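For the record, in the sequence shown the residue sitting at position 88 is 77 according to this note's numbering, with numbers rising by one throughout. Quick notes on the structure that follows.
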Amino acid sequence: MYSEKVMDHFMNPRNVGEIENADGVGQVGNAKCGDIMKMYLKIENNVIIDAKFKTFGCGAAVATSSMATELIIGKTVDEALQITNKAVADALDGLPPAKMHCSNLAEEAINSAIEDYKRRKGLIDDNASCDACSRRCDDVQHSHGIE
Ligand code: FES
């Protein structure tokens, strides 16, 4: 049911943990199952130099979080924002259709952490819509996907 890569990233997840003094932190929840992911980013000169995560969720959520951190380290903020949940799933050689929703957490956690980074840098207009969810963003910690 799961690819070898999914099993590998589930059994040996990369970049688990927290980053002290992170430049951006995002937490999101999955509306379908209630699982939660928290993402920490270290950013220098607009490049993500480190990423760590904590996921309270299923195996697919752990594997996609792990792969997502590997994909974004070394990328610019804008490049990281282009990474979709499908790209994360493809990098794992796919997920079963019933588990694709789990990969949303990874994409949304990246977006949320970058949004936090931009807000701290004064790069976000508080009256504008949030990039990640198109809602007005009063609380950077709000959980995308939970309506
Ligand atoms: Fe919740 Fe997979 S079942 S993220």
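Positions of the beta carbon are idealized from the N, C-alpha and C atoms, including for glycine. Since we're looking at a predicted model, the values are computed, not measured.
For the pair L94 and A50, the CB atoms are nearer than the 9 Å cut-off. Straight through space, the alpha carbons of V36 and A52 are spaced by roughly 23 Å. Ranked by Cα distance from I8, the first of G63, A40 and E97 is A40. Pairing E33 with K88, the inter-Cα distance amounts to about 34 Å.
In this structure V17 touches M26 by the C-beta definition: roughly 6 Å separates them, less than 8 Å.
The ligand FES never approaches K110 closely enough for any of its heavy atoms to be under 8 Å from the residue's Cβ. Taking I62 as the centre and dropping the five residues before and after it, the same chain places the C-beta of N4, I37, I38, D39 and A40 closer than 8 Å to its C-beta, in chain order.
In this structure, L81 has its CB at a distance of at least 8 Å from all heavy atoms of the ligand FES.
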